[in-house]
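Structure record follows, encoded as structure tokens.
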Amino acid sequence: MVDELMETAILPALTTKWLGHVYLYYLTLGSTNDELKRLLAEGNELPTGTVVLTDFQSQGRGRLNRGWFVPPQSSLLHSILFRPDWSAIQANWLTMMVSVAAAEAIEAATGLTVGLKWPNDVMVQQSDEWHKVSGILLEGQVTNGRLQQAIVGIGINVNVPAGELPATVTPATSLLIATGRPVARLPLLLDFWQRLERYYEVAQSPHKAWQQRLITLGQQVQISQIGQPPVIGRAETADIWGQLLVRDETGNIHTIAAGDVTLRREA
Ligand code: BT5
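The opening residue of the sequence shown carries number 3 in my numbering; numbering runs sequentially from there.
This is the structure in structure tokens:
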């Protein structure tokens, strides 16, 4: 199933107040985050809620310049511009809001059980195991302690056939693979935007809805952080800023703001 995501399909179908009202579609791009950054650097005055979406990325990015790969026209690949003017510590709220909105929209469209893996992965249950179906890349600009501008990129693997996803440490899947049927991208995208806009407008912590879905909690984990020794312990809880609290075997609590989690099997 290839459903159109061009301006002519999206703009008349919008159900949001502002999100996606400035909508820029590209058949192919390097990366939607990079294109939005380029447009801003050129001096274009783009409002909150501006969206750059493409049907194929040749240089899709994860965190730390890792890659994000999906075949053409199979998925939802887009970036959204926000100008929150929040205190910098609130930055993760954007990732949290996007994660929860994506989880809810995927659940509504497919009936799959959807969880979140700290800090930025949307996971679906498939054959009793969690698989990554979506990843989020937040790139913020902080000035005088305020998050003035943020670009949130999200990739959702929708109709990627089995065998066309990269081999990854965290197993990857798509909605097609997990449900056994193609999923329409346009209604999923519009529902996701509507949910995200509502969370953003409330501008309160998305913590409760986010933590409820966090599959990382209660697990034995290893956290890798750049330039620091790994932290090994039990993920106890997450605070309202989205930081993970891990208790090591000596009982010390480590507050982790950013990093990669590997789930460890109980000894
Ligand atoms: C992420 O990073 O999960 C964030 C991915 C964000 C992608 C979107 S697409 C639209 C926008 N424009 C961009 O250029 N990026 C954003 P991270 O947690 O670092 O995970 C990256 C890792 O996920 C890679 O190293 C691979 O192991 C794995 N991976 C790559 N492609 C994948 C896929 N399609 N599905 C699942 N996992 C994938």
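Positions of the beta carbon are idealized from the N, C-alpha and C atoms, including for glycine.
Among residues of its own chain, excluding the 5 on either side of residue i, which ones have a beta-carbon nearer than 8 angstroms to its beta-carbon?
i, result
"residue 115", "109, 126, 127"
"residue 136", "104, 108, 123, 124, 156, 157, 158, 159"
Using C-beta distances below 7 angstroms, list every residue in its chain close to residue i, excluding the 5 sequence neighbours before and after it, in chain order.
i, result
"residue 118", "101, 105, 124, 125, 212, 215, 216, 217"
"residue 85", "50, 150, 151"
"residue 99", "198, 201, 202, 208"
"residue 41", "48"
"residue 35", "63, 81, 139, 141, 153, 155"
How is residue i classed by DSSP in three states: helix, strand or coil?
i, result
"residue 149", "strand"
"residue 205", "coil"
"residue 166", "coil"
"residue 41", "helix"
"residue 63", "strand"
"residue 257", "strand"
Can you tell which of the options has its C-alpha closest to the C-alpha of residue i?
i, options, result
"residue 245", "163, 260, 72, 55", "260"
"residue 56", "65, 262, 12, 234", "12"
"residue 89", "122, 146, 44, 112", "146"
"residue 20", "112, 223, 53, 143", "53"
"residue 23", "32, 76, 83", "83"
"residue 255", "264, 239, 266", "239"
"residue 265", "175, 17, 222", "222"
"residue 121", "5, 39, 65", "65"
Looking only at its own chain, which residues have a Cβ that is under 6 angstroms from the Cβ of residue i, when we skip the five neighbours before and after it?
i, result
"residue 219", "237"
"residue 172", "134"
Where do the ends of the alpha helix (DSSP H) carrying residue i lie?
i, result
"residue 119", "Per DSSP, residue 119 belongs to no alpha helix (DSSP H); it is in the beta strand (DSSP E), 116-119."
"residue 179", "177-181"
So residue i is in the beta strand (DSSP E); what residue range does that whole segment cover?
i, result
"residue 225", "222-227"
"residue 240", "230-240"
Spell out whether any CB of chain B is found under 8 angstroms from the CB atom of residue i.
i, result
"residue 238", "Here there is only one protein chain, and chain B is not present."
If residue i sits next to residue j, beta carbons under 8 angstroms apart, how far is it from one beta carbon to the other, in whole angstroms?
i, j, result
"residue 185", "residue 252", "In fact, because the Cβ distance is near 46 angstroms, the residues do not count as touching under 8 angstroms."
"residue 224", "residue 232", "5 angstroms"
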